[in-house]
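Heads up: the structure comes next, in structure tokens.
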Amino acid sequence: MNEKFFDLKKEKQDRMINAALKIFAKNGYRHASTDDMVAEAGISKGLLFHYFENKLGLYTFLYNYSVRFMVLELSGCGGGEEDFFELLKRREAAKMQVLKKYPYMQLFLDSIRFEDVAEALYATEEKKNVIPEALEAMMKGADTSRFKPEVKLEKLNQLIEYTLRGMMEDRFLENSFHPDIMYEEINSYLLMLKKLTYR
Numbered sequence: 079m080n081e082k083f084f085d086l087k088k089e090k091q092d093r094m095i096n097a098a099l100k101i102f103a104k105n106g107y108r109h110a111s112t113d114d115m116v117a118e119a120g121i122s123k124g125l126l127f128h129y130f131e132n133k134l135g136l137y138t139f140l141y142n143y144s145v146r147f148m149v150l151e152l153s154g155c156g157g158g159e160e161d162f163f164e165l166l167k168r169r170e171a172a173k174m175q176v177l178k179k180y181p182y183m184q185l186f187l188d189s190i191r192f193e194d195v196a197e198a199l200y201a202t203e204e205k206k207n208v209i210p211e212a213l214e215a216m217m218k219g220a221d222t223s224r225f226k227p228e229v230k231l232e233k234l235n236q237l238i239e240y241t242l243r244g245m246m247e248d249r250f251l252e253n254s255f256h257p258d259i260m261y262e263e264i265n266s267y268l269l270m271l272k273k274l275t276y277r
């Protein structure tokens with residue numbers, strides 16, 4: 079990547095980043111079109127390739143940028159809180175802050191799980207555990223003593239992950255995603271699960 083990209087006005091940087099995140103998230107690496115990205119961003123193809131040598135360069139930059147941005151936002155979430163569901167609420171609040179600026183960032187990061195193009199997989203290999211490790215560190219101090227004996231924490235975490243990912247994908251499919259509304263909806267699910275799983 080050409081470091082001069084960061085000399086651009088922030089609004090233009092974010093327009094280019096958001097356009098590329100959207101196209102990669104919706105289409106995957108193989109089918110993502112740089113023509114669609116430049117049309118979405120309202121820039122010329124020449125400008126895109128001035129800053130990013132090729133599609134792979136752009137994809138690699140986006141992945142590294144997304145991981146760094148998400149981890150930075152998540153790093154301020156722990157703050158001594160011990161209740162399992164309160165920690166989850168803080169985690170989701172941090173994610174929604176990210177998505178106010180970069181709406182497709184989480185979908186882009188999630189889409190990488192289904193990637194099957196070798197060069198794209200290689201580009202994400204080095205940092206693929208960074209976000210899971212940050213989330214694990216954040217939840218390390220969570221108090222699990224209040225759960226009913228029959229609650230299996232691993233299965234509960236999977237249930238929460240599947241539910242939240244499905245909700246987000248639905249909102250984008252319906253063109254109804256809004257971070258604040260999504261956060262309220264997430265909280266309602268977490269509250270319900272808290273009532274079902276705590277003693």
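Mapping the sequence shown onto the working numbering, position 136 (from 1) lands on 214, and the numbers just tick up by one.
Backbone N, C-alpha and C fix where the C-beta goes; we use that ideal spot for every residue, glycine too.
- For A196, the closest of L86, T138, A98 by C-alpha to C-alpha distance is T138.
- Excluding the 5 residues flanking it on each side, A110 has same chain C-beta neighbours closer than 6 Å at I101, F102, in chain order.
- Closest in C-alpha terms to N142, from the list K205, Y240, R191, comes K205.
- Counted as a single uninterrupted DSSP element, the alpha helix (DSSP H) harbouring E203 occupies residues 196-203.
- Nearest Cα to Y182 within the set K104, E81, L271: K104.
- The residue from Y107, Y129, K123 with its alpha-carbon nearest to that of N80 is Y129.
- By the beta-carbon neighbour count (other beta carbons within 10 angstroms, threshold 16), A117 is exposed.
- Rounded to whole angstroms, the gap between the alpha carbons of F186 and K273 is 32 Å.
- Put simply, of K90, R93, Y107 the residue whose alpha carbon is nearest the alpha carbon of Y200 is Y107.
- In this structure the segment 158-169 does not lie against the segment 249-259, because fewer than three pairs of beta carbons, one per stretch, are closer than 8 Å.
- Bounds of the alpha helix (DSSP H) holding T138 are 133-152.
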